[in-house]
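I have placed the structure first, in the form of structure tokens, so that the comments after it can refer back to it.
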Amino acid sequence: MPHTLLQGQPLTVWHHHYPRTFRLVKVIFQPGGLFQLLGGAPLAELTDAAIDAECVFGREVGELLQQLMNTARYAQMLAVVDGYLVQKFGRLRLRCEPIDRVGRWLAAASPAASLEYLARQSCLSFRQFERKFRDRIGVSPKLYMRIARFNRAYALKEHAPARDWLDIALACGYADYQHMVKDFKQFAGVTPPLLVEADARAPEHLLRLR
Numbered sequence: 025m026p027h028t029l030l031q032g033q034p035l036t037v038w039h040h041h042y043p044r045t046f047r048l049v050k051v052i053f054q055p056g057g058l059f060q061l062l063g064g065a066p067l068a069e070l071t072d073a074a075i076d077a078e079c080v081f082g083r084e085v086g087e088l089l090q091q092l093m094n095t096a097r098y099a100q101m102l103a104v105v106d107g108y109l110v111q112k113f114g115r116l117r118l119r120c121e122p123i124d125r126v127g128r129w130l131a132a133a134s135p136a137a138s139l140e141y142l143a144r145q146s147c148l149s150f151r152q153f154e155r156k157f158r159d160r161i162g163v164s165p166k167l168y169m170r171i172a173r174f175n176r177a178y179a180l181k182e183h184a185p186a187r188d189w190l191d192i193a194l195a196c197g198y199a200d201y202q203h204m205v206k207d208f209k210q211f212a213g214v215t216p217p218l219l220v221e222a223d224a225r226a227p228e229h230l231l232r233l234r
């Protein structure tokens, strides 16, 4: 496995195997952020896939990795990565369009809007909206809404572990519990309770990194 990975929108669970001792820094971009960083290159090729970041950004990624390897503390590592990205984005001519706000809204809020409404908010025809959204995110808006709803459901359970799964399902707009289970099985490979159980054994939880 390469030391630096650039990953698109995942559609299924990924299992990573690391050596006994390792350090890891993960950057999660806002919707459309990676699209901007790549200069507007469509992200469909990266959907549910990962490539060596050095193949995209060249030697500067190797230099960044070397800085991280010479850094002792996580706080310092984050500062190094943050500085690199600020400089990287600062050299770009960023162009924010209405559709970019829609992607961030879908990721952060509980959408009760139709795709037609979102297309209008993007000031685009429905066909243009679908095409531009797929270019920016890597998946269709309909699929992204499902992924965002799945993420939201799990985040609610993390925030309130005692909360009933059915209550969470209804709060996120699922018709019932089984409707939510279908998404969990597709995106995580397991039922909601089994995902909570597996996540509790994850290194970041055991080490209290989140």
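Residue 25 is where the sequence shown starts when you use our numbering, and the numbers rise one by one after that. Backbone N, C-alpha and C fix where the C-beta goes; we use that ideal spot for every residue, glycine too. It should be emphasised that the depicted structure is a prediction, and the values quoted were computed from it without experimental measurement.
Helix, strand or coil: which one does DSSP assign to residue i?
i	result
residue 100	helix
residue 105	helix
residue 203	helix
residue 187	coil
residue 222	helix
residue 37	coil
residue 157	helix
residue 93	helix
residue 11	The displayed coordinates of the chain run from 25 to 234. Any statement about residue 11 would go beyond what the structure contains.
residue 197	coil
residue 130	helix
residue 43	coil
residue 25	coil
residue 88	helix
residue 230	At residue 230 the pLDDT is 48, less than 50, meaning the model places this residue with poor confidence and gives no usable figure here.
residue 115	coil
residue 53	coil
Whose CA, out of the options, lies closest to the CA of residue i?
i	options	result
residue 28	92, 220 and 125	92
residue 25	37, 78, 34 and 110	78
residue 55	116, 67 and 208	67
residue 127	118, 139 and 116	139
residue 176	158, 186 and 208	208
residue 53	32, 83 and 47	32
residue 169	121, 95 and 142	142
residue 185	43, 223, 96 and 64	223
residue 84	99, 100 and 104	104
residue 120	214, 63 and 73	63
residue 95	48, 178, 179 and 157	48
residue 39	58, 73 and 69	73
List the DSSP bridge partners of residue i.
i	result
residue 5	No answer is possible for residue 5: it lies beyond the span of the chain, which begins at 25 and ends at 234.
Just curious, the alpha helix (DSSP H) that residue i is in, first and last residue?
i	result
residue 64	Unbroken run through residue 64: none, as it is neither H nor E.
residue 178	165-183
residue 49	Taken as a continuous stretch (DSSP letters only), residue 49 belongs to no alpha helix (DSSP H), as it is neither H nor E.
residue 213	Segment: none, residue 213 is in no alpha helix (DSSP H) and carries neither H nor E.
residue 145	139-145
Contact check, residue i vs residue j under 8 Å by CB: the rounded distance?
i	j	result
residue 71	residue 163	6 Å
residue 123	residue 146	4 Å
residue 37	residue 212	5 Å
residue 60	residue 148	Not confirmed; about 18 Å, so no contact.
residue 204	residue 193	4 Å
residue 19	residue 130	There is no way to answer for residue 19, as the model of the chain reaches only from 25 to 234.
residue 166	residue 220	About 27 Å; that fails the 8 Å criterion.
residue 108	residue 88	5 Å
residue 132	residue 197	No, residue 132 and residue 197 are not in contact; Cβ-Cβ is about 15 Å, not under 8 Å.
Is there at least one non-hydrogen atom of the ligand GTP closer than 6 Å to the beta-carbon of residue i?
i	result
residue 146	No copy of the ligand GTP appears in this structure; indeed no ligand is present at all.
Compare the C-beta of residue i against all C-beta atoms of chain C and say whether one is closer than 7 Å.
i	result
residue 84	The chain inventory of the structure shown lacks chain C, comprising one protein chain alone.
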